[in-house]
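This report concerns only the one structure given below.
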Amino acid sequence: MILSMTGFGKASLQLSTKKITVEVKSLNSKGLDLNTRMPSVYRENELALRNLLAQKLERGKVDFSLFVEVTGEETSSKINAPIVRAYIAQMKAILPDADETELMKMAVRMPDTMKTEREEIDENEWKQIQTVIDEAIENMLSFRTSEGASLEKEFTLRIENIRSYMNQALALDPERVAAIKERLQTAIDELKVNVDTNRFEQELIYYLEKLDITEEKVRLTNHLDYFLQTLNGSEANGRKLGFITQEMGREINTMGSKSNHAEMQKLVVMMKDELEKIKEQVLNVL
5 MILSMTGFGK ASLQLSTKKI TVEVKSLNSK GLDLNTRMPS VYRENELALR NLLAQKLERG
65 KVDFSLFVEV TGEETSSKIN APIVRAYIAQ MKAILPDADE TELMKMAVRM PDTMKTEREE
125 IDENEWKQIQ TVIDEAIENM LSFRTSEGAS LEKEFTLRIE NIRSYMNQAL ALDPERVAAI
185 KERLQTAIDE LKVNVDTNRF EQELIYYLEK LDITEEKVRL TNHLDYFLQT LNGSEANGRK
245 LGFITQEMGR EINTMGSKSN HAEMQKLVVM MKDELEKIKE QVLNVL
């Protein structure tokens, strides 16, 4: 079974004063390109989180986001009471008859009247958040599995199309050989010279051996079978599938250069088209 590198997973949790939402997105990449976004209070757990994502997701351009929405009466900002009192006292000294409410309004706008206390991670809270992270990752892996099943069907169809076009090309081989013989014989007849028939047959056989595509057919068949075998293996391996497509391309190109027959060349072009579609999608395989 193969897995796609493309995926999306989301999970959320409602705590007493906040809502936690985790999103994990992934696109194809040669390696693991990991980007994490989360509130600063949770940053001390980032390294362990990155290790978890690397272990679970292996490859891909991964974006991990942890959002916090405050839903209760919770704030990390506090009024710095001593500073506010000091400002009021100073302003009273300047304006002894000023209204105290107005002085308060003025004081809270002054610098340093608010102080932000650094939040500490609550271990029980983080354990609950970890369950949400695990759930989001599992949802993403399910997405990858579903996408992988679709890719598997697509690959199987394209491989069988290539096999069909190859067999059609081989069916044209007798016609191709006859056309080559006729073309060479016509060229010799136009020269109006006497030719040793035995020597002509020997040269013709040598020429046809150079254009023979039997070996390419055997190798391409092996590559097609190996691709399907790898596709149905126990471990996903996008890189390996990519290498196999390269070998398939070499054999198809050689068939095209040897074909020397218009209809056969059309079939080779169709094989190349199918192979390009496979190559595009192989980039998405984990």
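For our numbering, add 4 to where a residue sits in the sequence shown, where the first one is 1.
Glycine included, every Cβ here is placed at the ideal spot set by N, Cα and C.
For the putative contact between L51 and E129, defined by C-beta atoms under 8 Å, what is the C-beta separation to the nearest angstrom? Taking the first residue of the sequence shown as position 1, residue 51 is located at position 47. Taking the first residue of the sequence shown as position 1, residue 129 is located at position 125. The pair is not a contact, with the Cβ atoms about 19 Å apart (cut-off 8 Å).
Separation of N288 from G242, as counted between CA atoms: Taking the sequence shown and counting its residues from 1, the one referred to as residue 242 is at position 238. Taking the sequence shown and counting its residues from 1, the one referred to as residue 288 is at position 284. Taking the straight line joining both Cα atoms gives about 8 Å.
Who are F71's beta bridge partners in DSSP? The sequence position of residue 71 within the sequence shown is 67, counting from 1. Its beta-bridge partners are T25.
How is the alpha helix (DSSP H) around D37 delimited, first residue to last? Within the sequence shown, numbered from 1, the residue matching residue 37 stands at position 33. First-last for D37: 36-41, but that is the beta strand (DSSP E), not the alpha helix (DSSP H).
Closest by C-alpha distance to V72, when choosing among E284, L245, K22: Residue numbering aside, residue 72 sits at position 68 when the sequence shown is read from its first letter. When only C-alpha atoms are compared, the closest one is K22.
Helix, strand or coil at I163 according to DSSP, with G and I counted as helix: To locate residue 163, count along the sequence shown from 1; it is residue 159. Here I163 carries a helix assignment [DSSP, helix/strand/coil].
Residues that F12 bridges to, as DSSP identifies them: Here residue 12 is taken as the residue at index 8 of the sequence shown, counted from 1. The partner list for F12 (beta bridge, DSSP) reads K29.
Opening and closing residue of the alpha helix (DSSP H) in which Y46 lies: As a position in the sequence shown, residue 46 is number 42, starting the count at 1. Per DSSP, Y46 belongs to no alpha helix (DSSP H) and is neither H nor E.
Where K281 and L155 are concerned, what is the direct C-alpha to C-alpha distance, given to the nearest angstrom? The count along the sequence shown starts at 1 and reaches residue 281 at position 277. The count along the sequence shown starts at 1 and reaches residue 155 at position 151. Roughly 11 Å between the two C-alpha positions.
Among the candidates L290, G13, A15, whose CA atom is the shortest distance from the CA of A153? Here the question's residue 153 lines up with position 149 in the sequence shown. Of the listed residues, the one whose Cα sits closest to A153 is L290.
Candidates L61, R148, T25: closest to A132 by CA position: Numbered from 1 along the sequence shown, position 128 holds the residue referred to as residue 132. In the sequence as displayed, the identity of residue 132 is Gln instead of Ala. Per the Cα distances, T25.
Backbone secondary structure at L279 - three-state DSSP: Walking along the sequence shown from the start, residue 279 turns up at place 275. In this structure, DSSP gives L279 a helical state, which the three-state scheme calls helix.
For G35, count neighbouring C-beta atoms within 10 Å of its own C-beta (all shown protein chains included) and say buried if the count is 16 or more, exposed if not. As a working mapping, residue 35 is identified with position 31 in the sequence shown. Counting Cβ neighbours within 10 Å, G35 comes out exposed, since fewer than 16 surround it.
Opening and closing residue of the alpha helix (DSSP H) in which P86 lies: As a first step, residue 86 is located in the sequence shown; it is residue number 82 there, counting from the start. Note, P86: alpha helix (DSSP H), 85-98.
Assigned secondary structure, L17 (DSSP; H/G/I helix, E/B strand, else coil): For the purposes of this step, residue 17 is taken as the residue at position 13 of the sequence shown. It is a strand residue.
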